[in-house]
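Q: Read in the numbering used here, the sequence shown has 389 at position 263, and its numbers run on one by one without any break.
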Amino acid sequence: MKKVLVTGASGYVGGRLIQELLLKKFSVRVMVRDPRKISGQPWFPQVEVVQASAENPTELDKALVGIDTAFYLIHSINTGTNFDETEARIARNFAEASERQSVGQIIYLGGIANDKNISKHLKSREQTGISLASTSVPVMEIRAGIIIGSGSASFEMLRHLTHRLPIMTTPKWVLNRTQPIAIRDVLWYLVQAGSLKKSVSGIFDIGGPEVLTYEEMMQTFAKISGLRKRWIVKIPVLTPALSSLWIGLVTPVPTSIAKPLVNSLISEVVADPARSLDQLIPKPKQGLLPLATAIELALTKISAHDVLTRWSDANTPTAPWARAQSDPAWAGEKTFVDSRVRMTRVSQQAVWEAIEKIGGEHGWYGSDFLWYLRGLLDRMIGGVGLRRGRRDPDHLHVGESLDFWRVEEIIPGQKLRLYAEMILPGKAWLQFEVSEANGQTRVIQEAIFSPRGLGGQLYWVAVAPFHTLIFPKMLKNIVKEASKY
Numbered sequence: 127m128k129k130v131l132v133t134g135a136s137g138y139v140g141g142r143l144i145q146e147l148l149l150k151k152f153s154v155r156v157m158v159r160d161p162r163k164i165s166g167q168p169w170f171p172q173v174e175v176v177q178a179s180a181e182n183p184t185e186l187d188k189a190l191v192g193i194d195t196a197f198y199l200i201h202s203i204n205t206g207t208n209f210d211e212t213e214a215r216i217a218r219n220f221a222e223a224s225e226r227q228s229v230g231q232i233i234y235l236g237g238i239a240n241d242k243n244i245s246k247h248l249k250s251r252e253q254t255g256i257s258l259a260s261t262s263v264p265v266m267e268i269r270a271g272i273i274i275g276s277g278s279a280s281f282e283m284l285r286h287l288t289h290r291l292p293i294m295t296t297p298k299w300v301l302n303r304t305q306p307i308a309i310r311d312v313l314w315y316l317v318q319a320g321s322l323k324k325s326v327s328g329i330f331d332i333g334g335p336e337v338l339t340y341e342e343m344m345q346t347f348a349k350i351s352g353l354r355k356r357w358i359v360k361i362p363v364l365t366p367a368l369s370s371l372w373i374g375l376v377t378p379v380p381t382s383i384a385k386p387l388v389n390s391l392i393s394e395v396v397a398d399p400a401r402s403l404d405q406l407i408p409k410p411k412q413g414l415l416p417l418a419t420a421i422e423l424a425l426t427k428i429s430a431h432d433v434l435t436r437w438s439d440a441n442t443p444t445a446p447w448a449r450a451q452s453d454p455a456w457a458g459e460k461t462f463v464d465s466r467v468r469m470t471r472v473s474q475q476a477v478w479e480a481i482e483k484i485g486g487e488h489g490w491y492g493s494d495f496l497w498y499l500r501g502l503l504d505r506m507i508g509g510v511g512l513r514r515g516r517r518d519p520d521h522l523h524v525g526e527s528l529d530f531w532r533v534e535e536i537i538p539g540q541k542l543r544l545y546a547e548m549i550l551p552g553k554a555w556l557q558f559e560v561s562e563a564n565g566q567t568r569v570i571q572e573a574i575f576s577p578r579g580l581g582g583q584l585y586w587v588a589v590a591p592f593h594t595l596i597f598p599k600m601l602k603n604i605v606k607e608a609s610k611y
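1. Where do the ends of the alpha helix (DSSP H) carrying Pro-591 lie?
2. Following the continuous alpha helix (DSSP H) through Ala-480, name the residue where it begins and the one where it ends.
3. Taking the alpha-carbon of Gly-582 as reference, which of Gly-230, Glu-572, Pro-551 has the nearest alpha-carbon?
4. Does Gln-145 come out as helix, strand or coil in the three-state DSSP assignment?
5. Which of the three DSSP states is assigned to Trp-357 in this structure?
6. The alpha helix (DSSP H) with Met-283 in it runs from where to where?
7. Only counting runs of 3 or more residues, tell me where the beta strand (DSSP E) segments fall wholly within the stretch 306 to 360, in order along the chain.
8. Using 8 Å for Cβ pairs, my map puts Glu-225 next to Ser-179. What's the rounded Cβ distance?
9. Is Asp-464 helix, strand or coil by DSSP?
10. When you compare the stretch 148 to 161 with the stretch 248 to 260, are there three or more beta-carbon pairs, one atom per stretch, that lie closer than 8 Å?
11. For Ile-407, count neighbouring Cβ atoms within 10 angstroms of its own Cβ and tell me buried if that reaches 16, exposed if not.
12. Let's see if you can read the secondary structure: which residues bound the beta strand (DSSP E) around Ser-153?
13. Grouping DSSP H, G and I as helix and E and B as strand, with all else coil, what is Met-548?
14. Ignore the nearest five residues each way along the sequence and tell me which others in Thr-254's own chain have a CB closer than 6 Å to its CB.
15. On the DSSP letters alone, give me the boundaries of the beta strand (DSSP E) that Phe-197 sits inside.
16. Could you check which residue in Leu-301, Ser-351, Met-266, Gly-579 has the C-alpha nearest to that of Gly-320?
17. Have a look at the DSSP bridge pairing and note the partners of Ala-563.
18. Please return the same chain residues whose Cβ sits closer than 6 Å to the Cβ of Ile-274, not counting the five positions on each side in sequence.
19. Here's the rule: buried if 16 or more other CB atoms are within 10 angstroms of the residue's CB, otherwise exposed. What is Gln-474?
What follows is the structure in C-alpha cells.
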C-alpha cells in the first residue's frame with residue numbers, strides 16, 4: 127500500500143483529493159497547521175494527521191518520514207503582497223525536507239503559465255515548481271486551467287459576477303482564451319499520478335475539452351442558471367486593478383482575493399499539447415467534462431448543500447477577513463439574514479409547540495393581512511400563494527407544504543426550517559431554533575435570503591421595511607402563545 131502525504135488538507139482541492147485517495151485504498155497522512163479545521167471532515171477518522179507548518183523544517187521532517195509520494199497543494203495567495211516570496215521559500219523547505227526523508231515523488235498542482243504576458247500570481251505558481259524541483263526528488267508538476275466546481279475560487283467569482291450584473295463593463299481580457307477544467311477531472315489526474323509505478327519528473331498541462339473566452343464562460347453560466355444573456359461592454363481603460371476593486375464591490379469576494387485571480391486573466395490560460403499527460407495517464411473513460419456539464423454539477427451540489435470543500439476553508443488567520451474556525455461571511459453563496467432573539471421563562475417544549483403550529487389556520491402570529499397580500503401577489507404572478515394551508519393543524523413533518531413554504535428540516539423540540547416556494551428573485555428560508563440558556567428558553571428566529579442577480583438584491587432592500595413590521599411581532603406572539611400552554 128503506497129503511503130502518501132497530502133498538504134493543504136483544509137483547502138479546496140486537498141480536502142477532496144483525500145477522499146478520492148482513500149477510495150483507491152491509499153494509506154493517507156495529512157499535514158495541517160490546525161487539525162481542528164479538518165476534524166469535521168468525513169474522512170478524518172481514516173487518515174493519519176500530523177500537525178506541521180511548511181515554515182518549520184523539523185516539523186516537515188516529521189510529516190515526510192516514511193512517505194512514498196507527497197502531494198504539494200500549499201498556496202499562499204492570501205498572505206499579503208509578498209505571497210510570491212513566501213511560496214518560493216516554503217517550497218524550498220518542503221523540497222529539502224523531502225530529500226532528507228528520501229521521498230520518492232512530489233506531485234505539485236500549479237496553474238497553466240504558457241503565455242508570455244504572465245501575471246504575478248501565475249509567475250509565483252511557476253516559481254514554486256522550480257523551487258520544488260531544486261533537489262534530487264522527482265517532481266511531477268501538473269498545471270491546471272481554471273478549475274470549475276462547487277466552492278472553487280474561480281467558479282465563485284464567475285458565479286457571482288454573472289448573477290449580480292445583467293449589464294457589465296469589462297476590460298478586453300474577457301476575450302482572452304482559457305481552458306477550464308472540472309474539479310472531478312483534476313482529481314482524476316492527481317489520483318492517477320499518485321498511482322504511477324515509477325517516479326516522473328516534468329511539467330504537464332491539463333485542461334478541459336473546450337477553449338473558451340471568459341465572456342463565453344459567463345454567457346454559458348447565465349444560460350444554465352436561467353438568466354438572460356449578459357450584456358458585456360468591453361472598454362480599454364478598466365485595468366485589472368480597477369476590475370478587482372469593482373468585483374470587491376459587486377460580489378461577496380474581497381478585492382484582496384479577486385485581484386490575483388483577475389490579474390491571471392490577462393494571460394491566455396490554454397494547455398500546451400506538447401505537455402500533454404496522455405502518454406502517462408489516459409483520460410477518464412467517460413471523457414473530460416465540458417464546461418456546461420461542470421457548471422451544472424457544481425450548481426446541483428450547491429442547491430443540495432453538498433459542497434464538501436470551499437477554497438475559503440484554507441484562509442490563514444492573518445488574513446483580515448478570516449474568522450478563526452469559521453468561514454468568512456462572504457464565502458460561498460451570498461445571503462441576507464434578518465435575525466431576532468428572545469429570552470423567556472416559558473418552557474422550551476411549550477415554545478416549540480407554538481412554533482410547530484405556525485401557518486395554515488393558525489396564521490403567522492401577527493400581521494396576517496400582510497401575509498395575505500404577499501400570498502395574493504404570489505398567486506397573481508403564477509405562484510402557489512397561501513392556498514395550500516397545512517396537512518395537520520398542530521404537527522409538521524419534513525417535505526410537506528405549509529402555505530407557500532415547504533418543511534425542509536425538523537429537529538423535534540429544537541429546530542424548524544422552512545423553504546419558500548413563492549415566486550422570488552432568489553431563495554428564501556424561515557428558521558426557528560429553540561434551546562435552553564441559563565435557566566431560560568432562548569428562541570432564535572431568522573429570515574434568510576439568497577438573491578438571484580441584481581434584482582434579488584433590490585428585492586431584499588424593498589421588503590426590509592416590511593420585515594420590521596412582521597418579524598418582531600411574530601416572535602413576540604409565538605412566546606405569548608406558548609405561555610398559554
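We treat Cβ as the ideally placed atom computed from N, Cα and C, and that holds for glycine.
A: So, from the data block:
1. Translated into positions along the sequence shown, residue 591 becomes position 465. Looking at the DSSP string, the run of the alpha helix (DSSP H) that includes Pro-591 is 579 to 608.
2. Indexing the sequence shown from 1 puts residue 480 at position 354. Per DSSP, Ala-480 belongs to the alpha helix (DSSP H) from 474 to 482.
3. Stepping through the sequence shown from its first residue, residue 582 is reached at position 456. The residue with the shortest Cα to Cα distance from Gly-582 is Pro-551.
4. Numbered from its first residue, the sequence shown carries residue 145 at position 19. The answer is helix: DSSP assigns Gln-145 an H, G or I state.
5. The residue labelled residue 357 in the question sits at position 231 within the sequence shown. Reduced to three states, the DSSP call for Trp-357 is strand.
6. The residue you call residue 283 lines up with position 157 of the sequence shown. Per DSSP, Met-283 belongs to the alpha helix (DSSP H) from 279 to 290.
7. DSSP assignment within the stretch 306 to 360 yields the following whole beta strand (DSSP E) runs of 3 residues or more, N-terminal first: 328 to 332, 357 to 360.
8. For the purposes of this step, residue 225 is taken as residue 99 along the sequence shown, with counting starting at 1. For the purposes of this step, residue 179 is taken as residue 53 along the sequence shown, with counting starting at 1. That belief does not hold up - the Cβ atoms of Glu-225 and Ser-179 are roughly 19 Å apart, past 8 Å.
9. Start at 1 with the first residue of the sequence shown, and residue 464 comes out as number 338. DSSP places Asp-464 in strand when its eight states are reduced to three.
10. In this structure the stretch 148 to 161 does not touch the stretch 248 to 260; the number of beta carbon pairs closer than 8 Å is below three.
11. Here residue 407 refers to the residue found at position 281 when the sequence shown is read from its first residue. So Ile-407 counts as buried.
12. As a first step, residue 153 is located in the sequence shown; it is residue number 27 there, counting from the start. Unbroken beta strand (DSSP E) run through Ser-153: 153 to 158.
13. Looking up residue 548 in the sequence shown gives position 422. It is coil, neither helix nor strand.
14. As a first step, residue 254 must be located in the sequence shown, where it is residue number 128. Around Thr-254: Glu-213, Ala-217.
15. The count along the sequence shown starts at 1 and reaches residue 197 at position 71. Looking at the DSSP string, the run of the beta strand (DSSP E) that includes Phe-197 is 195 to 198.
16. The residue labelled residue 320 in the question sits at position 194 within the sequence shown. When only C-alpha atoms are compared, the closest one is Met-266.
17. Stepping through the sequence shown from its first residue, residue 563 is reached at position 437. Answer by DSSP bridge pairing, in chain order: Gln-566.
18. Along the sequence shown, read from residue 1 onward, the residue named residue 274 stands at position 148. Excluding sequence neighbours, Ile-274 sits near Phe-281, Pro-306, Ala-308, Ala-420.
19. Here residue 474 is taken as the residue at index 348 of the sequence shown, counted from 1. Flag for Gln-474 reads buried.
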